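S.K.: If you use this note's numbering, the sequence shown corresponds to residues 3 to 419, in order. Using N, Cα and C, we set each Cβ at its ideal position, and we do this for glycine too. Please read these numbers as outputs of a predicted model, since none were measured by experiment.
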Amino acid sequence: MTMYKFNTVAMIGLGYIGLPTATVLASRGVKVIGVDVNQHAVDTINRGQVHIVEPDLDGLVHHVVKEGNLVARTTPQEADAFIIAVPTPFMDGHKPDLSYIEAAARAIAPVLRQGNLIILESTSPVGATEQLAGWLAEYRTDLSFPQQAGDAADIQLAYCPERVLPGHVLRELVENDRIVGGMTTKAAEMAADLYQIFVRGECLLTDSRTAEMAKLTENSFRDVNIAFANELSLISDKLGINVWELIELANRHPRVNILKPGPGVGGHCIAVDPWFIVDSAPKEARIIRTAREVNDNKPHHVIEQVARAADRFKNPVIACLGLSFKADIDDLRESPAMDIVADLAERDLGRMLVVEPHIDKLPNKLEGKVEFSNAEEAIEQADIVLLLVDHKQFKRVRREKLQTRVVIDTRGFFWSR
3 MTMYKFNTVA
13 MIGLGYIGLP
23 TATVLASRGV
33 KVIGVDVNQH
43 AVDTINRGQV
53 HIVEPDLDGL
63 VHHVVKEGNL
73 VARTTPQEAD
83 AFIIAVPTPF
93 MDGHKPDLSY
103 IEAAARAIAP
113 VLRQGNLIIL
123 ESTSPVGATE
133 QLAGWLAEYR
143 TDLSFPQQAG
153 DAADIQLAYC
163 PERVLPGHVL
173 RELVENDRIV
183 GGMTTKAAEM
193 AADLYQIFVR
203 GECLLTDSRT
213 AEMAKLTENS
223 FRDVNIAFAN
233 ELSLISDKLG
243 INVWELIELA
253 NRHPRVNILK
263 PGPGVGGHCI
273 AVDPWFIVDS
283 APKEARIIRT
293 AREVNDNKPH
303 HVIEQVARAA
313 DRFKNPVIAC
323 LGLSFKADID
333 DLRESPAMDI
343 VADLAERDLG
353 RMLVVEPHID
363 KLPNKLEGKV
373 EFSNAEEAIE
383 QADIVLLLVD
393 HKQFKRVRRE
403 KLQTRVVIDT
413 RGFFWSR
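See the structure below:
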């Protein structure tokens, strides 16, 4: 098998996936050109600093920038391979929005040359890699692409989804197995050679459509299991049962492993990806759709719990603990906690104190509507304590402080047998 060499790689998108991937590649001696439309991000990286929070990333970025292996730009330049890691949100009706991928295609098209490899990492609906190849073929009629010439194409394309856990990205980029889906066999082999520069896990070769579906399947599987736990919490509330005790007891069965309920499902993957499957096969994806609806509706249940508790007070103080979409990170994307706090603020149920230890100031969505506080002060003043995110810092809360408050614990954080 031919071994393909990559001396220079362009990373299109320098967010929570793009920057760590670019940095790990650069740490292996590859010259990496990071490209992002955000001038602040570009300037920050070129100073050897980071604009996102991820453990150990700041030190590694400082090192590779100082060594000259990572440079950030706002426009692409020639490279041996291009990795695209841009957002893929959905539009009204939960339809996939591929406009960021199309913009990336327009940006890199002028600097493509024969022999290039293009890898799409963005979580995408089935067929997105082929759509990317179609756009590029329109922009560069002088070059051939896989849909035109197969393995003999001037430009090869592959789809290789990320599958890392925020807070552990640098380790999982290296250790996790990688799905490598080529539009051609050659594309898959080329992409595998690139990832094997830094991946110690196995590179699993397949076609691009299967790779796209595999990524959606992984997150939909998790979404369905979370929905089961969230539905159990709704049923338990109705029947007057402690759902945390219920799940702990049920999980003593050797073949049962129920997840913990929460206030909803957030992040840029699990809360979004299942809708891509539903959009592709709406009649067939019945369980996946229902699970997404259960998880999307869970925040409304939490809001109603708070509203009922607020009715017991004349002008309650509500302490909301946590805004990020999961514990111990600063990422607010698709966060149910954010949506819950914003909705409660709009309802004007009382004075709201918000605690999020991983950010320095309130997001614009909440500015002027709630007060930013720390956990100790917020709980001291609160009538109602709403635990939305199980950050480690909240373990310092003294339990006796909660005994005289109404506690709505969406994560089972303060419960123990």
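Assuming contact is defined by CB atoms lying nearer than 8 Å, are Leu346 and Met354 in contact in what I supplied?
M.R.: Yes, the Cβ-Cβ distance between Leu346 and Met354 is below 8 Å.
S.K.: Helix, strand or coil for Arg75 per DSSP?
M.R.: Three-state result, Arg75: strand.
S.K.: Who are the Cβ neighbours of Glu80 in its own chain at under 7 Å, not counting the five residues just before and after it?
M.R.: Excluding residues within five positions, the ones whose Cβ falls inside 7 Å are Val113 and Arg115.
S.K.: Using the Cα positions of Cys205 and Arg30, report the straight-line distance between them to the nearest angstrom.
M.R.: Computed Cα separation, rounded: 18 Å.
S.K.: If you check the beta carbons only, do Val245 and Leu234 fall under 8 Å apart?
M.R.: Yes, the Cβ-Cβ distance between Val245 and Leu234 is below 8 Å.
S.K.: Helix, strand or coil: how does DSSP classify Met13 here?
M.R.: The answer is strand: DSSP assigns Met13 an E or B state.
S.K.: In the DSSP assignment, what are the bridge partners of Leu206?
M.R.: DSSP output for Leu206 lists Ile181 as bridge partner(s).
S.K.: Would you say Phe92 and Asp99 are within 8 Å of each other, going by their C-beta atoms?
M.R.: In contact: Phe92 and Asp99 (Cβ atoms closer than 8 Å).
S.K.: Would a C-beta distance cut-off of 8 Å place Gly36 and Leu16 closer than the cut-off?
M.R.: A contact, by the Cβ cut-off of 8 Å.
S.K.: Please confirm if the stretch 214 to 227 is in contact with the stretch 121 to 135, defined as three or more CB-CB distances below 8 Å between the two stretches.
M.R.: Yes: at least three Cβ pairs fall under 8 Å.
S.K.: Kindly indicate which residue of Val387, Arg49 and Glu56 has the alpha-carbon position closest to the one of Gly20.
M.R.: The shortest Cα separation from Gly20 among Val387, Arg49 and Glu56 belongs to Glu56.
S.K.: Which value, in whole angstroms, describes the spacing of the CA atoms of Val88 and Tyr102?
M.R.: Those two C-alpha atoms are separated by around 6 Å.
S.K.: Which same chain residues, not among the five before or five after Gly414, have their C-beta less than 7 Å away from its C-beta?
M.R.: Once the five neighbours on either side are set aside, the close Cβ partners of Gly414 are Trp246 and Lys262.
S.K.: Check the DSSP bridge columns for Pro465 and list the partner residues they point to.
M.R.: Past the edges of the chain, shown from 3 to 419, lies residue 465, and the structure says nothing about it.
S.K.: Check the C-beta distance from Ile305 over to Ile342 and give it rounded, since I have them as a contact under 8 Å.
M.R.: With 8 Å as the limit, Ile305 and Ile342 qualify as a contact, their Cβ atoms being about 6 Å apart.
S.K.: Between which two residues does the beta strand (DSSP E) containing Phe327 stretch?
M.R.: Premise fails: Phe327 is in no beta strand (DSSP E) and is neither H nor E.
S.K.: Could you tell me which uninterrupted beta strand (DSSP E) segments, each at least 3 residues in length, are contained entirely in the stretch 16 to 41, listed from first to last along the chain?
M.R.: With a minimum length of 3 residues, the continuous beta strand (DSSP E) runs that stay inside the stretch 16 to 41 are 33 to 37.
S.K.: Grab me the residues of Asp332's own chain with a C-beta within less than 7 Å of its C-beta, minus the 5 sequence neighbours each way, in chain order.
M.R.: Closer than 7 Å at the Cβ level, and outside the excluded window around Asp332, lie Val55, Ser326, His360 and Ile361.
S.K.: Have a look at the DSSP bridge pairing and note the partners of Gln158.
M.R.: According to DSSP, Gln158 bridges with Leu119.
S.K.: Roughly how many whole angstroms lie between the Cα atoms of Cys271 and Ala283?
M.R.: Distance between the alpha carbons of Cys271 and Ala283 is about 19 Å.
S.K.: With H, G and I counted as helix, E and B as strand and the rest as coil, what does DSSP make of Ala309?
M.R.: DSSP places Ala309 in helix when its eight states are reduced to three.
S.K.: Rounded to whole angstroms, what is the Cα-Cα separation between Glu369 and Glu358?
M.R.: Each residue's Cα considered, the two are about 14 Å apart.
S.K.: Could you tell me which residues DSSP pairs with Met354 in its beta bridges?
M.R.: Ile320.
S.K.: Can you look up Phe415 in the DSSP assignment and give me helix, strand or coil?
M.R.: In the structure shown, Phe415 sits in coil (DSSP, three-state: anything other than H, G, I, E or B).
S.K.: What number of angstroms, rounded off, separates the C-alpha of Asn259 from the C-alpha of Leu248?
M.R.: Roughly 12 Å separates the two Cα atoms.
S.K.: Mind checking whether Ala309 and Arg349 have CB atoms under 8 Å apart?
M.R.: A contact, by the Cβ cut-off of 8 Å.
S.K.: Restricting to Cα atoms, I'd like to know which of Lys328, Val391 and Arg335 is closest to Val356.
M.R.: Here the closest residue by C-alpha is Val391.
S.K.: Buried or exposed: His42, going by 16 or more other Cβ atoms within 10 Å of its Cβ?
M.R.: Burial call: exposed.
S.K.: In chain order, what residues of the same chain have a beta carbon less than 6 Å from the beta carbon of Gly268, not counting five sequence neighbours either side?
M.R.: Hits under 6 Å: Phe327, Glu336, Ser337 and Pro338.
S.K.: Name, in chain order, the residues that DSSP records as bridge partners for Leu388.
M.R.: BP columns for Leu388 point to Cys322 and Ile410.
S.K.: Using the three-state DSSP reduction, which class does Ile85 fall into: helix, strand or coil?
M.R.: If DSSP states are grouped into helix, strand and coil, Ile85 belongs with the strands.
S.K.: According to DSSP, what are the bridge partners of Glu373?
M.R.: DSSP lists Leu355 as partners of Glu373.
S.K.: By a C-beta neighbour count over all protein chains shown, 10 Å radius and 16 as the cutoff for buried, is Met340 buried or exposed?
M.R.: By the neighbour-count rule (16 or more Cβ atoms within 10 Å), Met340 is buried.
S.K.: From what residue to what residue does the alpha helix (DSSP H) around Phe200 run?
M.R.: Counting along the chain, Phe200 falls outside any alpha helix (DSSP H), and DSSP gives it neither H nor E.
S.K.: For Arg349, which of helix, strand or coil comes out of DSSP?
M.R.: The answer is helix: DSSP assigns Arg349 an H, G or I state.
S.K.: So does the stretch 152 to 164 actually touch the stretch 178 to 188, counting three or more Cβ pairs closer than 8 Å?
M.R.: As far as the Cβ criterion goes, the stretch 152 to 164 touches the stretch 178 to 188, which means the pair count is three or higher.
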